[in-house]
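Notes follow the structure.
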Amino acid sequence: MLPTLRQLQYLKLLSEHGSFSRAAEACHVTQPTLSAGIQELEKILGSPVVDRARSGVILTAAGQEAVRRAEAILAQAEDLVQAARGAGQPLAGRFRLGVIPTVAPYLLPRALPALRDQFPKLKLYLREDLTHRLIASLKSGGLDAALIALPYDMTGLDWAHVEDDELLAAAPANHRMAAFDRVDPESLRGDDMILLEDGHCLRDHALAACGLEPPRGAGFGDEESFAATSLPTLVQMIGSGLGVSFLPSMAVAAGLAHNAQVTIRPLDSDQSSREIVVAWRAGSSRGAEGRLLAQTLRDLPPAALSPRH
Numbered sequence: 007m008l009p010t011l012r013q014l015q016y017l018k019l020l021s022e023h024g025s026f027s028r029a030a031e032a033c034h035v036t037q038p039t040l041s042a043g044i045q046e047l048e049k050i051l052g053s054p055v056v057d058r059a060r061s062g063v064i065l066t067a068a069g070q071e072a073v074r075r076a077e078a079i080l081a082q083a084e085d086l087v088q089a090a091r092g093a094g095q096p097l098a099g100r101f102r103l104g105v106i107p108t109v110a111p112y113l114l115p116r117a118l119p120a121l122r123d124q125f126p127k128l129k130l131y132l133r134e135d136l137t138h139r140l141i142a143s144l145k146s147g148g149l150d151a152a153l154i155a156l157p158y159d160m161t162g163l164d165w166a167h168v169e170d171d172e173l174l175a176a177a178p179a180n181h182r183m184a185a186f187d188r189v190d191p192e193s194l195r196g197d198d199m200i201l202l203e204d205g206h207c208l209r210d211h212a213l214a215a216c217g218l219e220p221p222r223g224a225g226f227g228d229e230e231s232f233a234a235t236s237l238p239t240l241v242q243m244i245g246s247g248l249g250v251s252f253l254p255s256m257a258v259a260a261g262l263a264h265n266a267q268v269t270i271r272p273l274d275s276d277q278s279s280r281e282i283v284v285a286w287r288a289g290s291s292r293g294a295e296g297r298l299l300a301q302t303l304r305d306l307p308p309a310a311l312s313p314r315h
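Residue numbers (my numbering): 7 to 315.
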């Protein structure tokens, strides 16, 4: 005998919720039904998958391995269903799209109206999160695709190009760089550098693209630098005179620094950009739709960029 998809779903939900009662509620069955399904799964596998304790459910080593494999099997089964339902109708029905926080507020307002017009049967479900969590969801089948920024480790994923997003230097309005049309990244080395908090890929992109390596922590000066939780907070910190940083042109074009007391200039560098892509799990049946989504985003009218402040 082989495990059923339902039994694998029970195990996956049990792993996620750590409780028979919560897992049963999540899959809309009674607790005895879920418990019986887990027991039958254990008989089929010939090994216990959970240890039942007062504090909750703990997966055994065999259970952890079963969950890992179950996630892949369930993701492929869902791919099969979605591919059959969407045969001949690309980007129709449910499509779960992840988007990183440094892209979502600046690209989606232009993208969503175009997607509604071109794909009226599309039911788009959006999740905004950091890159590493979106990629984990892609690989486990929790998302169909994600809008992320490269460079990043893309092992196990395929992707399609959307656009290159230039990084711009940003400083307080009275900063010396206001006198120049372009800024050499090296000229900022003596300034306090403000970056996004650890976990935001833009933090690494800004440093790598500009060839800068902080000697300690995240900053370049003698004092330990501040870290911002979001791009709007970063702009306010720059405008308050706390330091300098780098902003994506996509966000600046969308009005991120509008009315802020900041100076923004292009960088005098050949690699001062990040690549925005649509990514999906390698081998996913949603790959063709991922490419179509990327093409649709590439065809969007560009936002007008006015970097001089």
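Each residue gets a CB set at the ideal place from its N, CA and C atoms; glycine is no exception.
Note that the structure is a prediction, hence the values are computed from the model and not measured.
Can you tell me which of the three DSSP states residue i falls into?
{"i": "Val73", "result": "helix"}
{"i": "Phe125", "result": "coil"}
{"i": "Glu203", "result": "coil"}
{"i": "Leu248", "result": "coil"}
{"i": "Pro112", "result": "The sequence shown places Tyr at residue 112, not Pro. Looking at Tyr112 - three-state DSSP - the assignment turns out to be helix."}
{"i": "Ala263", "result": "coil"}
{"i": "Leu8", "result": "coil"}
{"i": "Leu65", "result": "strand"}
{"i": "His138", "result": "helix"}
{"i": "Arg28", "result": "helix"}
{"i": "Arg209", "result": "helix"}
{"i": "Pro307", "result": "coil"}
{"i": "Arg297", "result": "helix"}
{"i": "Ser41", "result": "helix"}
{"i": "Arg292", "result": "coil"}
Straight-line CA distance for residue i to residue j?
{"i": "Leu19", "j": "Thr36", "result": "14 Å"}
{"i": "Pro9", "j": "Leu47", "result": "6 Å"}
{"i": "Asp274", "j": "Asp57", "result": "59 Å"}
{"i": "Ala260", "j": "Gln242", "result": "16 Å"}
{"i": "Gln15", "j": "Leu40", "result": "10 Å"}
{"i": "Tyr131", "j": "Ile64", "result": "32 Å"}
{"i": "Ile50", "j": "Ile141", "result": "32 Å"}
{"i": "Pro308", "j": "Ala120", "result": "13 Å"}
{"i": "Ala214", "j": "Ile200", "result": "15 Å"}
{"i": "Gln13", "j": "Gly43", "result": "6 Å"}
{"i": "Lys145", "j": "Val258", "result": "32 Å"}
{"i": "Ala117", "j": "Leu202", "result": "25 Å"}
{"i": "Ala177", "j": "Ala233", "result": "15 Å"}
{"i": "Pro157", "j": "Leu11", "result": "36 Å"}
Span of the beta strand (DSSP E) holding residue i?
{"i": "Gly104", "result": "Gly99 to Val105"}
{"i": "Pro191", "result": "First-last for Pro191: undefined, no H or E at that position."}
{"i": "Pro272", "result": "Val268 to Pro272"}
{"i": "Arg58", "result": "Val56 to Ala59"}
{"i": "Ala177", "result": "Leu163 to Pro178"}
Report yes or no: is there a C-beta of chain D within less than 7 Å of the C-beta of residue i?
{"i": "Asp198", "result": "In summary, chain D is missing from the structure at hand, where a single protein chain is found."}
The alpha helix (DSSP H) that contains residue i, what's its start and end?
{"i": "Ala285", "result": "That residue, Ala285, is in no alpha helix (DSSP H); its beta strand (DSSP E) goes Ser279 to Arg287."}
{"i": "Ile240", "result": "The residue you asked about is not Ile; residue 240 is Leu in the sequence shown. Segment Leu237 to Gly245, the alpha helix (DSSP H) holding Leu240."}
{"i": "Ser251", "result": "Where Ser251 is concerned, there is no enclosing alpha helix (DSSP H), although the beta strand (DSSP E) it sits in stretches over Ser251 to Pro254."}
{"i": "Ala152", "result": "Ala152 -> not in any alpha helix (DSSP H); beta strand (DSSP E) instead, spanning Ala151 to Leu156."}
Output yes or no for whether 7 Å exceeds the beta carbon distance between residue i and residue j.
{"i": "Val109", "j": "Leu153", "result": "yes"}
{"i": "Ser255", "j": "Glu172", "result": "yes"}
{"i": "Leu149", "j": "Leu128", "result": "no"}
{"i": "Gly249", "j": "Asp305", "result": "no"}
{"i": "Ser25", "j": "Val73", "result": "no"}
{"i": "Ala151", "j": "Leu103", "result": "yes"}
{"i": "Gly245", "j": "Gln267", "result": "yes"}
{"i": "Thr239", "j": "Ala179", "result": "no"}
At least three beta-carbon pairs within less than 8 Å, the stretch 291–305 to the stretch 185–205: Touching, no, given that fewer than three Cβ pairs across the two stretches are closer than 8 Å.
Segment contact, 8 Å Cβ cut-off, at least three pairs: the stretch 110–118 with the stretch 67–84: no
The stretch 274–284 contacting the stretch 154–169, beta-carbon criterion three pairs below 8 Å: yes
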